[in-house]
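Please read the structure below before turning to the comments.
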Amino acid sequence: MELIGGYMELANKDNSIEAVSYREKVKALSDAMTHQIDTGVSEAVDCPVEHYFVPDELSGYCVYAREVRMPKGSVVVGKIHKQPTLNILSKGKLSIIKDGKKVTLEAPYTYVGTPGEQKTAYIEEDVVWLNIHITKHTDKSEVEAIEKEVIAETYEELGLLSSLSNLQDLGE
Numbered sequence: 098m099e100l101i102g103g104y105m106e107l108a109n110k111d112n113s114i115e116a117v118s119y120r121e122k123v124k125a126l127s128d129a130m131t132h133q134i135d136t137g138v139s140e141a142v143d144c145p146v147e148h149y150f151v152p153d154e155l156s157g158y159c160v161y162a163r164e165v166r167m168p169k170g171s172v173v174v175g176k177i178h179k180q181p182t183l184n185i186l187s188k189g190k191l192s193i194i195k196d197g198k199k200v201t202l203e204a205p206y207t208y209v210g211t212p213g214e215q216k217t218a219y220i221e222e223d224v225v226w227l228n229i230h231i232t233k234h235t236d237k238s239e240v241e242a243i244e245k246e247v248i249a250e251t252y253e254e255l256g257l258l259s260s261l262s263n264l265q266d267l268g269e
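In case it helps, the working numbering puts the sequence shown at residues 98 to 269.
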């Protein structure tokens with residue numbers, strides 16, 4: 098599906114050793130968590146999601162907000178975003194890795210995420226987090242289509258490398 102306004106071109110094309118190493122670690126964490134859940138070692142944490150829509154009839158676009166509630170003590174791995182997204186931490190406290198350093202965010206906190214961003218977090222207090230996107234879809238029945246529009250399954254979809262072996266293959 099084509100992205101609104103060609104945001105793919107805005108993706109942070111940082112394929113430095115540090116950026117690729119971070120992506121590799123995020124994937125390893127995500128894979129390990131999935132394996133532990135699949136084998137019964139750990140249980141998946143319930144993180145309820147609410148969807149909000151503000152369609153604009155004149156432009157044909159819609160402001161879509163995805164609100165997720167994450168309980169204290171959870172470790173979460175977010176999705177890879179294709180578009181810039183407005184991020185709002187409206188309740189709680191969490192720690193993330195940003196630019197290779199642990200950063201603690203506490204509500205209220207708002208920032209604009211870049212295409213290609215994927216967050217990992219340790220939830221220090223119950224959290225309410227919103228991601229706000231622009232989409233052509235206007236209601237809850239289209240959430241799957243919205244995810245295809247705004248979420249990448251892999252970093253490679255955005256022209257980003259996900260492992261150091263890929264970086265070595267490029268001779269960098």
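Backbone N, C-alpha and C define an ideal beta-carbon position, used for all residues, glycine too. Note that the structure is a prediction, hence the values are computed from the model and not measured.
Spatial neighbours of V123 within its chain, please: C-beta separation below 8 Å, excluding the five flanking residues on both sides.
The answer, listed in chain order, is V174, Q215 and T217.
Grab the span of the beta strand (DSSP E) containing L186 for me, first residue to last.
Taken as a continuous stretch (DSSP letters only), the beta strand (DSSP E) holding L186 covers T182 to K195.
Would G189 pass as a contact of V224 if the rule is Cβ separation under 7 Å?
Yes. Within cutoff.
What number of angstroms, rounded off, separates the C-alpha of K169 from the C-alpha of L202?
For K169 and L202, the distance between alpha carbons rounds to 14 Å.
Considering Cα atoms alone, identify which of L155, Y252, R166 and E241 is closest to I185.
The candidate whose alpha carbon is nearest that of I185 is R166.
Across the segment 229–247 and the segment 153–163, are there enough close Cβ pairs to call them in contact, namely three or more that are closer than 8 Å?
Verdict: yes, contact present.
By a C-beta neighbour count over all protein chains shown, 10 Å radius and 16 as the cutoff for buried, is E58 buried or exposed?
As shown, the chain starts at 98 and ends at 269. That puts residue 58 outside it, with no answer to give.
How many angstroms separate the CA atom of S262 from the CA atom of I114?
Answer to the nearest angstrom: the Cα atoms are 10 Å apart.
If you run the structure through DSSP and keep just helix, strand and coil, what is D135?
Note: D135 maps to helix in three-state DSSP.
Run the CB neighbour count on V146, radius 10 Å, all protein chains shown included, and call it buried at 16 or more, exposed below.
When all chains shown are included, V146 counts as exposed.
My guess is that E221 and L191 are in contact by the Cβ rule of under 8 Å, so how many angstroms apart are they, rounded?
With a Cβ gap of about 6 Å, E221 and L191 count as contacting.
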